[in-house]
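**Q** The listed protein sequences derive, respectively, from chains B and X.
Quick note on numbering: the first sequence equals residues 1 to 150 in the working numbering.
Quick note on numbering: the second sequence equals residues 1 to 428 in the working numbering.
Next up is a structure, given as structure tokens.
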Amino acid sequence: MSDLRDLYQEVLLDHNRRPRNFQKLESANRTAEGYNPLCGDQITVYLKLEGDVIRDISFQGSGCAISKSAASMMTASLKGKTRAEAEALFEKFHGMVTGKSDPQAAAEGLGKLVVFAGVCEFPIRVKCATLPWHTLHAALEGKGEPVSTE
Amino acid sequence: MTTAGGTITNLAKSQQPPGGVLTRLDVKKVRQDFPILRQMVYGKPLVYLDNAATSQKPQAVIDAVTRYYLAENSNVHRGVHFLSEVATQAYEGVRGKVREFLNAAQDREIVFVRGTTEGINLVAQSYGRAFLKAGDEIIVSGMEHHSNIVPWQLVCEATGAVLRVIPITDAGEVDLEAYEKLLNARTRLVAIVHVSNVLGTINPVKQMIAMARRWDARVLVDGAQAAPHLPVDVRDLDCDFYVFSGHKLLGPTGIGILCGKAALLERMPPYQAGGDMISTVTFEKTRYNTIPYKFEAGTPHIEGVIGLGAAIDYLRGIGLERIGTYEGELLAYGTAALSAIPGLRLIGTAREKASVLSFVLEEAHAHDVGTILDREGVAIRAGHHCAMPLMQRFGIPATARASLAFYNTREEIDALVRALQKVKEIFG
């Protein structure tokens with residue numbers, strides 16, 4: 001049970017129950033859709049980009065607790081960040097959930113996002129945690145095509 | 001052998017007693033035939049409830065495949081030597097077993113394919129492209145697996161035929177009145193699943209085939225989830241094509257069956273070309289082999305065929321009627337147990353159901369349910385089950401699905417229920 005509690009930490013469950021920034025952003029000038037075709041998770045990320053800065057960000061969609069809370073916490077941590085900062089955060093986050101980077105080094109600078117560290121013990125759930133970030137990346141790139149985890 | 005609730009001796013080898021009196025299935029004994037079921041996962045006994053994805057394999061199947069490689073391995077239909085003769089006899093012998101299993105009219109109506117998916121694609125590409133034209137209509141149901149939707153969409157794109165869809169009721173049954181209205185003189189083909197992989201619904205395929213006949217339409221039945229659980233009689237059904245997979249029926253992966261009426265198979269062009277499917281080749285003109293070989297290009301999955309033969313022997317040894325009775329009781333027990341869980345909603349409550357329990361939990365997404373159950377040793381499937389239109393019909397992104405086999409027990413259902421309580425503890 002302990003590894004399950006490591007995965008489903010209270011902060012994460014709270015974001016799942018009450019996702020933040022969970023609405024369409026009317027002032028958005030960038031959006032992207034993301035799908036996980038294996039499980040049907042679907043997300044839309046809305047961005048209001050001013051120059052290089054993310055002024056506002058929100059999301060909509062349906063998915064498991066991991067993907068929904070990851071999206072919620074992603075939006076909460078990116079307001080006011082530059083594109084480069086956002087991409088760097090994604091890289092760190094990706095390294096942590098895939099278990100590729102040293103856990104302590106990976107945790108540095110991720111702030112509250114470290115609650116997703118437990119995901120690396122559940123390899124098939126990595127895609128759930130990274131779907132929002134891949135979708136964010138697509139929105140920043142301004143690609144019209146929906147992104148897919150496959 | 002006793003007939004009234006007593007123990008069954010020599011179960012795997014026994015045949016059903018004459019006169020229709022069935023002995024009970026002895027699940028403890030049956031489980032001994034499946035070595036994989038003895039293992040622990042995460043320190044807990046494995047509870048394998050993902051049988052609709054693939055079944056486990058009895059020792060008899062594992063032994064048959066091993067024996068083939070130890071003593072019989074050779075290419076079929078080609079060699080003049082001893083081993084090739086042995087392999088060819090074993091391979092062709094299975095064709096006869098499958099014919100008996102489905103009660104097909106002739107061995108040559110049995111085509112070995114990779115699985116249900118390839119069987120449907122073969123019919124779609126060969127029959128569909130050759131015999132369908134613009135304006136013709138193909139009917140499928142709203143509960144089809146993607147593999148019985150997308151091949152027909154490809155045919156529609158290629159020929160200009162139109163796909164029509166029979167709606168599904170809230171209980172997860174085919175709406176027969178709507179089906180009746182969909183049928184018309186343009187209907188050329190009906191492709192319908194026998195048992196739904198998501199809902200467990202057993203469709204009234206015999207009646208649906210008879211209805212299609214009035215319009216002289218051909219019917220393909222997707223039997224992937226039916227063949228392992230119910231007796232199938234293709235002549236009684238009067239279907240034109242019946243397809244199923246070996247791996248869901250205790251056999252190896254990569255082998256499946258297309259059973260088609262000989263008169264139709266003979267008129268159909270080849271699906272793939274190569275060795276074994278020809279009678280003579282010159283650069284000017286090639287003559288195709290007779291059926292079923294016309295559809296079996298290249299060296300086939302010999303080990304798979306032999307394993308499938310052993311699986312059918314094993315299954316018939318127990319008897320599909322006995323299996324059906326046991327699984328029916330298990331389904332009733334599981335349905336009652338899951339229905340008692342607050343916040344759990346069963347998806348698929350048809351009157352005629354096979355042993356599939358799809359559900360959604362109010363507080364947790366199917367994936368989270370799947371992960372937590374996994375750590376309790378309980379293997380289920382979570383997701384859209386390759387039936388996205390059906391998920392849309394029920395307004396849900398995914399379900400958790402426990403699919404039962406005759407080697408599952410009531411104690412395993414209890415373990416599932418206990419594991420679901422863990423989900424509630426975490427998400428409550």
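For each residue, glycine too, the CB sits at the ideal point set by N, CA and C.
Note that the coordinates shown come from a computational prediction; the quantities given were computed from them, not determined experimentally.
Give the DSSP bridge partners of ARG381 (chain X), in chain order.
**A** In DSSP, ARG381 (chain X) forms a bridge with X:ARG401.
**Q** Going along chain B in order, which residues have a C-beta closer than 9 angstroms to the C-beta of MET208 (chain X)?
**A** Ordered by position in chain B, no residue passes the 9 angstroms Cβ test against MET208 (chain X), which lies about 29 angstroms from the chain.
**Q** According to a CB-to-CB cut-off of less than 9 angstroms, which residues of the stretch 112 to 138 of chain B neighbour chain X?
**A** Of all residues in the stretch 112 to 138 of chain B, PHE122, ILE124, ARG125, CYS128 have a Cβ within less than 9 angstroms of some Cβ in chain X.
**Q** Drop a sphere of 10 angstroms on the beta-carbon of MET40 (chain X), count the other beta-carbons inside from all chains shown, and report buried for 16 or more, exposed for fewer.
**A** Counting Cβ neighbours within 10 Å, MET40 (chain X) comes out exposed, since fewer than 16 surround it.
**Q** Please report the straight-line C-alpha distance between THR187 (chain X) and ARG267 (chain X), rounded to a whole angstrom.
**A** The straight-line gap from Cα to Cα measures roughly 20 angstroms.
**Q** Count the CB pairs spanning the stretch 376 to 389 of chain X and the stretch 398 to 405 of chain X that are closer than 8 angstroms, and state whether there are at least three.
**A** Output reads yes: the stretch 398 to 405 of chain X touches the stretch 376 to 389 of chain X.
**Q** In three-state DSSP terms, what is ILE168 (chain X)?
**A** It is a strand residue.
**Q** To the nearest whole angstrom, what separates the beta carbons of VAL219 (chain X) and ALA212 (chain X), a pair I think is in contact under 8 angstroms?
**A** About 5 angstroms; that satisfies the 8 angstroms criterion.
**Q** For a contact defined as C-beta to C-beta under 7 angstroms, what are the partners of ILE372 (chain X) on chain B?
**A** Within 7 angstroms Cβ-Cβ: LEU4.
**Q** Measuring straight from C-alpha to C-alpha, what distance separates PRO151 (chain X) and GLN125 (chain X)?
**A** Spanning the two alpha carbons is a distance of roughly 8 angstroms.
**Q** Does the beta carbon of LEU140 (chain B) sit closer than 7 angstroms to a beta carbon anywhere in chain X?
**A** Answer no: the Cβ-Cβ gap between LEU140 (chain B) and chain X never drops below 7 angstroms.
**Q** Spell out a yes or no on whether the stretch 223 to 242 of chain X and the stretch 414 to 427 of chain X are touching, meaning 3 or more CB-CB pairs, one atom from each, closer than 8 angstroms.
**A** Verdict: no, contact absent.
**Q** With DSSP run on the structure shown, which of helix, strand or coil describes ILE372 (chain X)?
**A** Helix.
**Q** For ALA354 (chain X) and ILE209 (chain X), which I take to be in contact (beta-carbon distance under 8 angstroms), what is that distance rounded to the nearest angstrom?
**A** Actually they do not touch by this definition, with Cβ atoms about 19 angstroms apart.
**Q** Please report the residue range of the beta strand (DSSP E) in which LEU132 (chain X) lies.
**A** Premise fails: LEU132 (chain X) is in no beta strand (DSSP E) and is neither H nor E.
**Q** Where DSSP assigns a beta bridge to VAL27 (chain X), which residues make up the other side?
**A** According to DSSP, which records beta bridges pairwise, VAL27 (chain X) is partnered with nothing at all.
**Q** Looking only at its chain, what residues have a beta carbon closer than 6 angstroms to the beta carbon of ILE426 (chain X), apart from the 5 residues adjacent to it on each side?
**A** Excluding sequence neighbours, ILE426 (chain X) sits near nothing in its chain.
**Q** CB-CB under 6 angstroms to ARG18 (chain B), same chain, minus the five flanking residues each way: which ones, in chain order?
**A** Closer than 6 angstroms at the Cβ level, and outside the excluded window around ARG18 (chain B), lies no residue.
**Q** Could you spell out where the beta strand (DSSP E) holding VAL33 (chain B) opens and where it closes?
**A** In the sequence on display, residue 33 (chain B) carries Glu and not Val. That run of the beta strand (DSSP E) goes 30 to 36.
**Q** Please classify GLU303 (chain X) as buried or exposed, where buried requires at least 16 neighbouring CB atoms within 10 angstroms.
**A** Answer is buried; the Cβ neighbour count reaches 16.
**Q** If we count the other Cβ atoms within 10 Å of its Cβ and call it buried at 16 or more, is GLN225 (chain X) buried or exposed?
**A** The residue is buried, with at least 16 neighbouring Cβ atoms inside 10 Å.
**Q** Taking its Cβ as the centre, do 16 or more other Cβ atoms sit within 10 Å of ASN10 (chain X), making it buried, or is it exposed?
**A** Bear in mind that the predicted position of ASN10 (chain X) carries a pLDDT of just 40, short of 50, making it unreliable; the figure below should be weighed with that in mind. Burial call: exposed.
**Q** Just list the residues that DSSP pairs GLN225 (chain X) with in beta bridges.
**A** DSSP output for GLN225 (chain X) lists no bridge partner at all.
**Q** Taking 7 angstroms as the CB-CB limit, is SER69 (chain B) close to chain X?
**A** It does not; no Cβ of chain X falls within 7 angstroms.
**Q** In this structure, how does DSSP classify GLU141 (chain B) when only helix, strand and coil are distinguished?
**A** GLU141 (chain B): helix per DSSP, three-state reduction.
**Q** With three or more C-beta pairs closer than 8 angstroms as the rule, is the stretch 121 to 139 of chain B touching the stretch 64 to 77 of chain B?
**A** Yes, the stretch 64 to 77 of chain B is in contact with the stretch 121 to 139 of chain B.
**Q** Give me the residue from X:ASP33, X:GLY142, X:THR325, X:LEU250 with the minimum Cα distance to LEU199 (chain X).
**A** Checking every option, the nearest Cα to that of LEU199 (chain X) belongs to X:GLY142.
**Q** DSSP on MET1 (chain X), reduced to helix/strand/coil?
**A** With a pLDDT of 35 at MET1 (chain X), under the threshold of 50, the modelled position of that residue is not reliable, and the figure given next carries that caveat. Reduced to three states, the DSSP call for MET1 (chain X) is coil.
**Q** Determine the contact status of ILE323 (chain X) and TYR68 (chain X), defining contact as a CB-CB distance below 7 angstroms.
**A** Contact: no.
**Q** Going by CA-CA distance only, name the one from X:PRO389, X:ASP368, X:ALA405 that's closest to ALA419 (chain X).
**A** Ranking the options by Cα distance to ALA419 (chain X), first place goes to X:ASP368.
**Q** Tell me which same chain residues have a C-beta within less than 8 angstroms of the C-beta of GLN59 (chain X), skipping the five on either side of it?
**A** Closer than 8 angstroms at Cβ, skipping near neighbours: ASP33, PHE34, PRO35.
**Q** With C-beta atoms as the reference, is ILE138 (chain X) less than 7 angstroms away from LEU183 (chain X)?
**A** No. Outside cutoff.
**Q** Classify THR3 (chain X): buried if its beta carbon has 16 or more other beta carbons within 10 angstroms, exposed otherwise.
**A** The pLDDT assigned to THR3 (chain X) is 37, lower than 50, so where the model puts this residue is not dependable; a value taken from the coordinates is nonetheless given after this. Exposed, since its Cβ has fewer than 16 Cβ neighbours within 10 Å.
**Q** Using a 10 Å radius around the Cβ and a threshold of 16 neighbouring Cβ atoms, would you call THR23 (chain X) buried or exposed?
**A** When all chains shown are included, THR23 (chain X) counts as buried.
**Q** Quick one: what's got a C-beta closer than 7 angstroms to ARG129 (chain X)'s C-beta in the same chain, skipping five residues either side?
**A** Around ARG129 (chain X): VAL155, ALA158, THR159.
**Q** In this structure, what does DSSP give as the bridge partners for GLN438 (chain X)?
**A** An answer regarding residue 438 (chain X) cannot be provided, because it is not within the stretch 1 to 428 covered by chain X.
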